[in-house]
């Protein structure tokens, strides 16, 4: 292959990657949710999306717990507790 062909393949590959990434981001927004978690007197709310409602709630809850819990044990305890509130978006 010559240099021109390699450059063309690189550009095409880049745009395919960009298109796939955009499609996955837009397609995954089927279930958007804001989840508030409370752990040891601290509260944090995070927004997440997922292909299922359970996946969206779990992702948002885990993200919120990562900010209010310290260490693996606390994070796991927080993640396994019930959310303080759940608000569906869109």
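Residue numbers (my numbering): 48 to 137. Quick reminder that beta carbons are idealized off the backbone N, C-alpha and C, glycines included.
Cβ distance (whole Å) where residue i is taken to contact residue j below 8 Å
i, j, result
"residue 98", "residue 79", "Wrong, their Cβ atoms sit about 12 Å apart, outside the cutoff."
"residue 111", "residue 82", "6 Å"
Residue environment, residue i, which counts as buried when at least 16 other CB atoms sit within 10 Å
i, result
"residue 103", "buried"
"residue 48", "exposed"
"residue 116", "buried"
"residue 57", "exposed"
Backbone CA spacing between residue i and residue j [nearest angstrom]
i, j, result
"residue 70", "residue 91", "29 Å"
"residue 106", "residue 67", "22 Å"
"residue 87", "residue 93", "17 Å"
"residue 101", "residue 123", "17 Å"
Opposing strand residues paired with residue i [DSSP bridges]
i, result
"residue 105", "DSSP lists no partner for residue 105."
"residue 97", "78"
"residue 86", "89"
"residue 34", "Since the first residue shown for the chain is 48 and the last is 137, residue 34 is missing from the structure and cannot be characterised."
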